[in-house]
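This report concerns only the one structure given below.
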Amino acid sequence: MNTQAARIRLTGTPVGRRVRLADFGDEVSPLQREQLHAYGMSPPHDIRVLQQQPMTVVLCDHIELALEHEIAHGIWVTES
Amino acid sequence: MTSAASSASSLPYTTAALPTIALVGHPNVGKSVLFHRLTGTYVNVSNYPGTTVEVARAPARFDRTHSLLDTPGVLALPSRSDDERATVRALLNETIKVVVQVGDAKNLRRTLNLTALLAELGVPMAMALNMTDEAQARGVTVDTAALANALAIPVVATVATGGSGVGTLTDALSGARVPAALLKYDDELETHIDQLTRQIETHTPHPVLAARGLAILLLGGDSEVAHWIAQQPGHAAIDAALATLLPPGTGRDTLPARLARERSRAAEALARTVSQQALGKDRTLSLLAGQLAVHRIWGWPLLLVVLYLVYLFVGDFGAGTLVGLLEEDFFGEILNPAVTALVQAHVTVPWLADLLVGDYGLWTMGMTYALALILPIVTTFFLAFGILEDSGYFTRLSVIANRMFAAIGLNGRAVLPMVLGLGCVTMATLTTRILHTPRERLITTFLMALAIPCSAQLGVVLGLLGGISFGATLIWLVSMVVILLATGWLAGKLVSGRRVPLLTELPPMRMPLIGNVLKKTGGRLKWYLMEVIPLFLIGTLIMFVLDRTGALPWLIEAGKPLVTGWLGLPPEASAAFVMGFLRRDFGATGLFALESQLSMVQAVVGMVTITLFVPCIASVMMIVKEQGLRTTALMLAMIMPTAFLVGGLLNHTLRLFF
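Top to bottom, those sequences are chains R and C.
Okay, so the first sequence: first residue is 0 according to numbering that gives the first Met the number 0, each after it adds one.
Okay, so the second sequence: first residue is 0 according to numbering that gives the first Met the number 0, each after it adds one.
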């Protein structure tokens with residue numbers, strides 16, 4: 000299976016889907032990367048997408064996180 | 000308003016006489032509730048991150064030979080924001096005997112992520128694994144014995160809001176120990192940590208904290224640790240050592256990011272072994288309510304319903320019914336005539352009697368404004384505000400307002416200080432510390448100083464305009480939003496720096512605890528009575544002196560072209576603007592007292608102008624503290640002309656239609 004092809008951006012994930020964090024793109028700044036780790040958003044952890052509009056909202060463990068699309072666009076996920 | 004509602008002392012915290020137990024943990028995990036339980040001292044507790052922005056201290060209830068520190072929540076260490084820096088400063092400058100990490104039982108992985116760093120500081124620790132009730136409701140179980148065994152420290156399950164486990168925690172503190180390290184970093188990182196540790200041990204040893212912990216924080220780019228080391232005599236050796244270590248790295252491989260990634264992995268591994276998640280338990284009512292509040296369609300009608308309910312409670316019930324009962328019936332019919340008769344019977348000096356119960360009398364104006372007009376309004380406002388902040392709704396506003404705030408160069412996180420500003424602009428100015436960049440703090444502080452009315456002023460606005468019509472209130476509201484956005488847009492263009500995209504935690508929606516809401520309301524009312532009444536009395540005294548010396552009529556005459564000509568208000572409104580220099584709500588109350596003389600347009604113009612008028616003295620002092628004297632002076636120089644410019648333009652625009 001081509002794992003690279005299976006990766007999609009978090010912004011492209013349908014609402015309600017449970018996905019696995021794969022990687023952060025270079026567009027995610029070091030500070031944001033640290034913050035994401037601090038919230039528990041570290042690959043290869045599973046998260047659930049709750050909303051995509053007006054912002055991306057995900058459930059990571061039991062933390063609801065709201066991410067602006069600019070950040071969510073830089074987060075790569077795979078099917079859980 | 001300070002965040003501590005009773006005798007907890009805030010900064011400075013470097014002169015502690017008693018050995019200290021520090022409560023450290025993520026934002027919104029219940030540190031302040033636990034602090035209250037352990038000390039009996041109430042500090043403001045709310046359901047959003049950033050409630051505590053300064054360190055609070057009080058003697059421990061269970062052992063008067065120790066003091067307890069409530070520290071601002073840290074999302075992560077090394078510190079990046081002002082509130083995180085305040086926590087690191089406390090760890091560096093206090094004689095810490097024990098660190099109690101307050102963790103969130105339903106988010107153990109995140110809790111352990113912070114433990115991984117705290118464990119390196121070499122300080123005896125205990126863990127209060129809080130919110131176990133919420134964890135249970137979500138199907139999360141934690142084996143605290145296994146966790147305690149892995150960390151080699153006492154771990155106690157607590158529900159701080161109900162007091163469960165708090166007694167066990169205090170008993171366990173005597174068994175606090177330096178924790179076992181959670182991880183070993185990769186070989187390259189370990190080599191450099193070891194080198195730096197040796198240098199710190201030799202040249203800048205800390206009396207309490209372990210050199211290895213300081214080395215990790217320093218490599219992670221903690222500015223507070225760097226600042227502390229720079230103040231030590233041997234700092235040159237540390238600078239030299241740092242220069243020879245790893246290059247800082249770029250992109251995903253910066254040194255701080257590598258360290259954070261490794262701690263995350265270690266936290267994940269340990270969390271997996273000591274906790275379990277039951278399947279299908281992550282859809283709770285709280286989660287559904289939270290989703291509705293930030294829904295792209297339903298979020299807006301819900302916001303309007305919330306605003307309308309607040310308007311009904313504060314504007315209609317507080318400013319209408321309660322003020323009517325107090326001002327007209329009680330003060331107007333019973334109390335003031337009795338006080339006036341008493342004064343006139345016993346005070347034979349005419350000017351003194353006039354000072355007490357005349358037109359600008361300390362009782363008939365100062366105390367009547369403060370107690371009969373504003374107190375019922377702020378009481379209802381603080382109650383509504385307390386319910387909303389404890390429900391977790393405020394933080395969700397940041398999501399639906401984010402796009403609007405993006406237009407003015409901010410992100411939705413700035414909503415929180417602004418909403419808090421509706422309670423008290425002074426305290427909210429301090430809360431701008433939760434914002435990540437100086438640019439965001441500067442713009443938000445300016446917008447709050449200009450266009451965010453505090454509770455007392457908002458109540459008077461709702462009382463006056465609500466009494467005229469809902470339409471008048473709406474015109475005021477739309478005017479303020481337009482001014483906020485227009486000024487913010489301009490400030491966003493003028494203040495250099497890049498906008499930071501929003502990444503924020505949304506606290507769970509909770510049913511507010513009535514006891515906590517009442518406690519907060521009581522604390523805020525106490526602040527109100529202590530701060531506002533003296534200022535109202537001073538303001539009344541100034542008005543009395545101006546009136547007696549003939550300066551007030553002169554000021555009214557001098558202000559005519561501006562107040563009467565440009566703003567279209569009656570000449571007496573000049574007195575309200577003079578009062579507004581002391582406090583905007585005092586000036587607004589002056590306009591409220593002219594209610595019967597004002598048309599709808601005059602009332603709206605008057606209220607818009609006074610809302611934009613100079614912030615109160617306490618707010619100005621806080622802005623000076625946070626932004627410096629020069630920036631504050633610049634802000635004030637822009638705010639006053641803006642108030643009159645906007646008021647006049649609105650007057651001439653509204654007269655075309657009404």
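Each residue gets a CB set at the ideal place from its N, CA and C atoms; glycine is no exception.
Mapping DSSP to helix, strand and coil, what is residue i?
i	result
R56/C	strand
I7/R	strand
A658/C	For chain C, the structure presents residues 0 to 657; residue 658/C sits outside this window and is missing.
S79/R	coil
K183/C	coil
N1/R	Since pLDDT at N1/R reaches only 47, below the 50 mark, its modelled position is unreliable, and the value read off the structure follows with that caveat. Note: N1/R maps to coil in three-state DSSP.
T196/C	helix
Q290/C	helix
S595/C	helix
Q601/C	helix
S5/C	For S5/C, the predicted structure reports a pLDDT of 39, less than 50, and the residue's modelled location is therefore unreliable. The matter cannot be settled from this model.
R17/R	strand
L421/C	coil
D103/C	strand
L626/C	The amino acid at residue 626/C is misidentified as Leu; the sequence shows Gln. Q626/C: helix per DSSP, three-state reduction.
L128/C	strand
E556/C	helix
Q276/C	strand
E327/C	helix
Y12/C	Unreliable positioning characterises Y12/C in this predicted model, as indicated by a pLDDT of 40, which lies under 50. The coordinate reading is nonetheless provided below. Residue state, collapsed to three classes: coil.
E67/R	coil
T55/R	strand
S263/C	helix
V122/C	coil
Since residue i and residue j are thought to touch, with beta carbons under 8 Å apart, how far apart are those beta carbons, to the nearest angstrom?
i	j	result
L505/C	E67/R	That pair is no contact at about 13 Å.
D103/C	M130/C	5 Å
I74/R	L20/R	7 Å
Y359/C	F535/C	The Cβ separation is near 12 Å, so there is no contact.
A587/C	V531/C	In fact, because the Cβ distance is near 13 Å, the residues do not count as touching under 8 Å.
T253/C	P13/R	Actually they do not touch by this definition, with Cβ atoms about 33 Å apart.
R432/C	D82/C	5 Å
L449/C	I638/C	5 Å
T143/C	L128/C	6 Å
Residues of chain R with CB closer than 7 Å to the CB of residue i, please, in chain order.
i	result
P255/C	P29, E33
S263/C	H36, S41
R509/C	Ordered by position in chain R, no residue passes the 7 Å Cβ test against R509/C, which lies about 13 Å from the chain.
N650/C	In chain order: nothing, as chain R lies at least about 36 Å away.
I want to verify the contact list: residues of chain C whose CB lies under 8 Å from the CB of residue i, in sequence order.
i	result
I62/R	N106, R109, E504
For a quick check, are the C-beta atoms of residue i and residue j less than 8 Å apart?
i	j	result
A37/R	A75/C	yes
A175/C	A115/C	no
G465/C	A318/C	yes
V23/C	L117/C	yes
V424/C	M403/C	no
G564/C	F576/C	no
L463/C	M606/C	yes
G538/C	R582/C	yes
S397/C	T503/C	yes
S263/C	N112/C	yes
G458/C	I333/C	no
H65/C	A59/C	yes
M621/C	L429/C	yes
L90/C	I20/C	no
V659/C	Y527/C	Chain C is shown only over 0 to 657; residue 659/C falls outside these bounds and no answer can be derived.
Taking residue i as the query, report the chain R residues whose CB atoms sit under 8 Å from its CB, ordered along the chain.
i	result
V645/C	Simply none; closest approach about 29 Å.
A259/C	R32, E33, H36, A37
R271/C	In chain order: nothing, as chain R lies at least about 10 Å away.
N112/C	H36, A37, G39
Starting from the beta carbon of residue i, find every residue of chain C whose beta carbon is closer than 7 Å, and list them in chain order.
i	result
I70/R	P500, L502
For residue i, which residues in chain R fall below 9 Å Cβ to Cβ?
i	result
R722/C	Since the displayed chain C opens at 0 and closes at 657, residue 722/C lies outside it and no answer follows.
G289/C	L49, V56, E63
Run through chain C and tell me which residues come within less than 9 Å of residue i, C-beta to C-beta.
i	result
L66/R	P500, L501, L502, T503
Original post:
Looking at chain R, which residues of the region 491–503 of chain C have a Cβ within less than 9 Å of any of its Cβ atoms?
Top reply: V499, P500, L501, L502, T503
Original post:
For the region 518–547 of chain C, which residues have a beta carbon sitting closer than 7 Å to at least one beta carbon of chain R?
Top reply: none
**OP:** Could you name the residues of the region 66–97 of chain C whose beta carbon sits closer than 8 Å to any beta carbon of chain R, in the order they occur along the chain?
**Re:** L74, A75, R79
Original post:
Going along the region 391–403 of chain C in order, which residues come within less than 8 Å of chain R, judged by CB to CB distance?
Top reply: S397, V398, I399, N401, R402
**OP:** Quick one: which residues of the region 36–63 of chain R get their C-beta closer than 8 Å to a C-beta of chain C? List them in chain order.
**Re:** H36, A37, Y38, G39, S41, H44, R47, L49, Q50, Q52, P53, M54, V56, L58, D60, H61, I62, E63
**OP:** Check each residue of the region 399–429 of chain C: if its Cβ is closer than 9 Å to any Cβ of chain R, include it; give the result in chain order.
**Re:** I399, N401, R402, A405, N410, G411
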